[in-house]
Every structure is written in structure tokens, then in C-alpha cells.
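Participant: Okay, so the sequence shown: first residue is 2 according to the numbering used here, each after it adds one.
Glycine included, each C-beta is placed from N, C-alpha and C at the ideal position.
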Amino acid sequence: MQIRTFSAPKLHLALSEVRKAFGPDAMILDRCRGRDEDGRPTWQVRAALDSEDRHTDAGGRASGRNGRRSPNNGIDPSAAHSTKTEPGHAPDLNYRLQYSMQHLERIVSGLGRAQSDTLRNSLASEEERRVFDTLQQSGVAPTHAHDLAPAMAGEALARASCLRWGKRLQPQEQCESVLITGPGGAGKTSMIANLATHFHMQGVEVALVSTDTERMAGLEGLAAYASVLGIELHALRQPEKAAGILEKTKSARLLLIDSEGWSQGNRNSCRRQAPLWQALAPQRRMLLLPANLDEADGMATLDAAAGLHLTDFLPGKLDETSATGKVVNWAAHSRLPLSYCSFGPSVPDQMGWLSPRTLATLLQRNQCREPV
Numbered sequence: 002m003q004i005r006t007f008s009a010p011k012l013h014l015a016l017s018e019v020r021k022a023f024g025p026d027a028m029i030l031d032r033c034r035g036r037d038e039d040g041r042p043t044w045q046v047r048a049a050l051d052s053e054d055r056h057t058d059a060g061g062r063a064s065g066r067n068g069r070r071s072p073n074n075g076i077d078p079s080a081a082h083s084t085k086t087e088p089g090h091a092p093d094l095n096y097r098l099q100y101s102m103q104h105l106e107r108i109v110s111g112l113g114r115a116q117s118d119t120l121r122n123s124l125a126s127e128e129e130r131r132v133f134d135t136l137q138q139s140g141v142a143p144t145h146a147h148d149l150a151p152a153m154a155g156e157a158l159a160r161a162s163c164l165r166w167g168k169r170l171q172p173q174e175q176c177e178s179v180l181i182t183g184p185g186g187a188g189k190t191s192m193i194a195n196l197a198t199h200f201h202m203q204g205v206e207v208a209l210v211s212t213d214t215e216r217m218a219g220l221e222g223l224a225a226y227a228s229v230l231g232i233e234l235h236a237l238r239q240p241e242k243a244a245g246i247l248e249k250t251k252s253a254r255l256l257l258i259d260s261e262g263w264s265q266g267n268r269n270s271c272r273r274q275a276p277l278w279q280a281l282a283p284q285r286r287m288l289l290l291p292a293n294l295d296e297a298d299g300m301a302t303l304d305a306a307a308g309l310h311l312t313d314f315l316p317g318k319l320d321e322t323s324a325t326g327k328v329v330n331w332a333a334h335s336r337l338p339l340s341y342c343s344f345g346p347s348v349p350d351q352m353g354w355l356s357p358r359t360l361a362t363l364l365q366r367n368q369c370r371e372p373v
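#1: Classify aspartate 58 as buried or exposed, calling it buried when 16 or more other Cβ atoms lie within 10 Å of its own Cβ.
#2: Taking 8 Å as the threshold, find out whether the region 317-330 comes into contact with the region 132-151 through three or more Cβ pairs.
#3: Just the Cα atoms here: how many angstroms apart are asparagine 330 and leucine 311?
#4: Would a C-beta distance cut-off of 8 Å place serine 1 and tryptophan 263 closer than the cut-off?
#5: What number of angstroms, rounded off, separates the C-alpha of proline 172 from the C-alpha of leucine 255?
#6: Let me check one thing: in DSSP terms, what residues is methionine 28 bridge-paired to?
#7: Have a look at alanine 361 and tryptophan 44 and give me their C-alpha separation to the nearest angstrom.
#8: Based on Cα-Cα distance, which residue from Glu156, Cys33, Glu38, Lys189 lies nearest to aspartate 118?
#9: Count the other C-beta atoms from every protein chain shown that fall within 10 angstroms of the C-beta of glycine 89, then say buried if there are 16 or more, exposed otherwise.
#10: In three-state terms, what does DSSP make of glycine 185?
#11: Looking at the structure shown, is proline 151 part of a helix, part of a strand, or coil, going by DSSP?
#12: What separation, rounded to the nearest whole angstrom, lies between the Cα atoms of arginine 20 and glycine 299?
#13: Using 10 angstroms around the beta-carbon of glutamate 174, count the other beta-carbons present and answer buried if the total reaches 16, otherwise exposed.
#14: Can you tell me where the beta strand (DSSP E) holding arginine 131 begins and where it ends?
#15: Grouping DSSP H, G and I as helix and E and B as strand, with all else coil, what is glutamate 18?
#16: Can you look up glutamine 279 in the DSSP assignment and give me helix, strand or coil?
#17: Once the 5 residues before and after aspartate 148 are set aside, which same chain residues still bring their CB inside 7 Å of it?
#18: Please go through the same chain and pick out, in chain order, the residues whose beta-carbon is closer than 8 Å to the beta-carbon of glutamine 265, but skip the five residues on each side of it.
#19: Just to confirm, are glutamine 284 and glutamate 177 a CB contact at a threshold of 8 Å?
#20: Quick one: what does DSSP say glycine 167 is sitting in, helix, strand or coil?
#21: For serine 191 versus serine 343, is the C-beta spacing smaller than 8 Å?
#22: Work out the CA separation of serine 123 and isoleucine 232 for me, nearest whole Å.
#23: In whole angstroms, what is the alpha-carbon distance linking arginine 272 and proline 338?
#24: Please report how far the alpha carbon of glycine 245 lies from the alpha carbon of asparagine 195, in whole angstroms.
#25: By DSSP's criteria, serine 178 is part of a beta bridge. Which residues make up the other side?
#26: Indicate the three-state DSSP secondary structure (helix, strand or coil) for methionine 192 in the structure shown.
#27: Roughly how many angstroms separate the alpha carbons of threonine 359 and tyrosine 341, rounded to a whole number?
#28: Which residues does DSSP list as the beta-bridge partners of arginine 36?
#29: How many whole angstroms separate the CB atoms of phenylalanine 314 and leucine 294, which I take to be in contact at a CB cut-off of 8 Å?
#30: At the level of alpha carbons, what is the spacing between glutamate 261 and glutamate 221?
#31: So is glycine 308 buried or exposed if we call it buried at 16+ other beta carbons inside 10 Å?
#32: With a 10 Å radius around its C-beta and 16 neighbouring C-beta atoms as the bar for buried, classify histidine 13 as buried or exposed.
#33: My parser needs the beta strand (DSSP E) runs of 3 or more residues fully inside the region 203-228; what are they?
#34: When you compare only the Cα positions, how much space is there between glutamate 38 and leucine 30?
#35: Report the three-state DSSP secondary structure of isoleucine 246 (helix, strand or coil).
#36: If you follow the alpha helix (DSSP H) that tryptophan 1 is part of, which residue opens it and which one closes it?
Okay, structure coming up:
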């Protein structure tokens, strides 16, 4: 294996030198800022090339296994693309694009590994590095894992600059009105039922409102919970009816508002319900995002919800994922304060406050599980 260090004033220029010398098979080991002999800023990129796959000629350019220099910066068309270009026709660019994308993926992957190693090695103790590894295994991004590791190693608390924490509902001290929104199937009705049960059992007067009136069976589930608890449930279909509902529920210390589900690709229900939400004027708007959602889809959902004036992030279905770290990545991406969470569909009991200590336990639970 050949290992070389390439220097240039800009990172992309150094990466370009790597490509010229080693071709698309290069693996980026690390990169860092530095200064040259004259004190000017420079980037240094250390790259490796498996000598069994490729080697460089006397000019430092990449060659194939047979020693024949490959055109297109080290890409050999005869090896990369099985369809020959007929004379007089323009070269087929598909394979060039394919190998260029592979090359970029190698660069990104190499930079990611280098960043992770650099962050890990900068931690103060072996215990912090162990926690860093555990966090990465649970899906936490390297930068967030680096921020979390010291507090988790020392105090077993998930505290870091990337995370914010919400304020618990305190209807005993002041009246609270809360709207819960999120994708369809996220568990909004179960979360509302849990919150209603939790505070109702403490002697707090609770009232329920649902704007989920267009969907078939949208009200039935919440109505069943309201009937068991003996709690008022009101359906709001027109904004002009909101004042009457608010008057009827003014004695309640906690008003919980259920809403119709939506998706990142279809926010029609949000647009349709926006006037209803505005008429109810909830003090807090909480987004419930299920933890069994793919991380990228969760990020897209958070971006789609950016204009909904959200105040809290509620992770749901934490019992249905082994990659709890995505919750940290979502919270850091959205900058929404973490709040209540759910661990399943059962009511009551499978709901609680997501504190720094609880999150730290969840992030490390997969490592502590006994094999079945």
C-alpha cells in the first residue's frame, strides 16, 4: 500500500492532487490545516492506494493492473464500461459519471472516518472515548457524540450544546394549552391519552379538542379514552366555532389538542387545519416524531415542519428502534427542545419526561442488553 501526503492552499486543490496521483481508488486517511515553510496557510491530505489494485507511473499518474495508463484521470474505460464506443460517436459519459460519484463517495467516507478519529482522539480520557464509541454505535453523529461524551462519562447525563430541553407542563400552577402534531401513525392520540391520564390522576381538570375530523375514524380512538376518563372531548371543524369551545373548556387547567397526521411530501392537512390551530391559539405546539422512522425521513419531516411554529420535540415509539442516536441528531438539527416521549402504544404508563439522564440511559441501552 502506498501512502502519500498532498499539500495545497485549498482543500479541494489537495483532493485534486490526490485524484491525479492515485485515481478513483484512493482512500483518504486524514486531512488537516497547517502552514508551509513560508508560514502560509495550507491543507494537508494523507491518502493511501492499494498497490495490488493500482500503481503510479514515473510521472505520479495512476495506472491499471496491466501497467497501461488509464485515461480520464486514472479511470480505465475498458475495465469500467463493457460497451465500446463506436467510431464517430461521442464517448459514453455514463460510466465516467458513475466512477466520479464513486470517487466522491470515497472522499466523503474518508473525510468522515478522519473526522470521527480526530474527534475521538481529542477526548480527555479512555472512558470518554468508550462512551464516544457507544454513542456512534447507537447512531449519534460524530460531532454530537464528541459533545455528549464528557458529561455521559462523568455524570451519566446526556448534556451538550447541541441539545435543548423543554419545560415540563405544570397545569397545577398555570393553565396550559398544547397542540400535538406530527406524521400520520406517529402515535399522537396515544400520547395525548397518556398526558390526559397522567394529569387527570393527579386531580387536574383536563379537556380534549380534536381537529382530526376529516379522516374516517379520526375521532373514535380519542373519544374512547375520553369516555373512560370522563373527560370532555370537542371536535372542531370550523375556525369560527373555536371561541365557543374555548368558552366551554375555560375551567380546564390543561387543554390538549389532537390533530390530523401529515407527511413530508403532503402537508395539505396542515394547510387545511392551520386556521383551526390559529383560532385555538395553543401556547405550545409539540411535534411528535416516531423513532422507528428512517433518520433521513425524519430530517425531511423536520424541514417540512419548519413553518409550523413548533415549540417542543417529542420522540415517540422509542421501543421500536435500536438506533436511538437519531433522536439526538434530529433534536440538534431542528434546535427544538426535547420534551415528553413515549415507549409504546399502551395507556397509561408508556410515556414520560425525557430528561438528560433518561436519554443517556436510552443511548447506552443496546450495549447493555443481554443476548437473547
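Facilitator: Taking the definition as stated:
#1: For aspartate 58, the predicted structure reports a pLDDT of 46, less than 50, and the residue's modelled location is therefore unreliable. The matter cannot be settled from this model.
#2: yes
#3: 17 Å
#4: It is not possible to answer for residue 1, since the shown part of the chain is limited to 2 through 373.
#5: The straight-line gap separating the alpha-carbon atoms of proline 172 and leucine 255 is approximately 6 Å.
#6: Ala49
#7: 37 Å
#8: Cys33
#9: The pLDDT assigned to glycine 89 is 46, lower than 50, so where the model puts this residue is not dependable, and the model offers no usable value.
#10: In this structure, glycine 185 counts as coil in the three-state DSSP scheme.
#11: helix
#12: 35 Å
#13: exposed
#14: Arginine 131 -> not in any beta strand (DSSP E); alpha helix (DSSP H) instead, spanning 127-138.
#15: helix
#16: helix
#17: Closer than 7 Å at the Cβ level, and outside the excluded window around aspartate 148, lie Ala161, Ser162, Cys163.
#18: Pro184, Asp298, Ala301, Thr302, Asp304, Ala305
#19: yes
#20: coil
#21: If you check the CB distance, serine 191 and serine 343 come in under 8 Å.
#22: Looking at the two C-alpha atoms, the distance is approximately 55 Å.
#23: 24 Å
#24: 26 Å
#25: Leu256
#26: helix
#27: Tyrosine 341 has its alpha-carbon roughly 11 Å from the corresponding atom of threonine 359.
#28: Pro42
#29: Not really, about 13 Å apart at Cβ, beyond 8 Å.
#30: 13 Å
#31: exposed
#32: exposed
#33: 207-211
#34: 23 Å
#35: helix
#36: In the structure as shown, the chain starts at 2 and stops at 373, and residue 1 therefore has no counterpart that could be examined.
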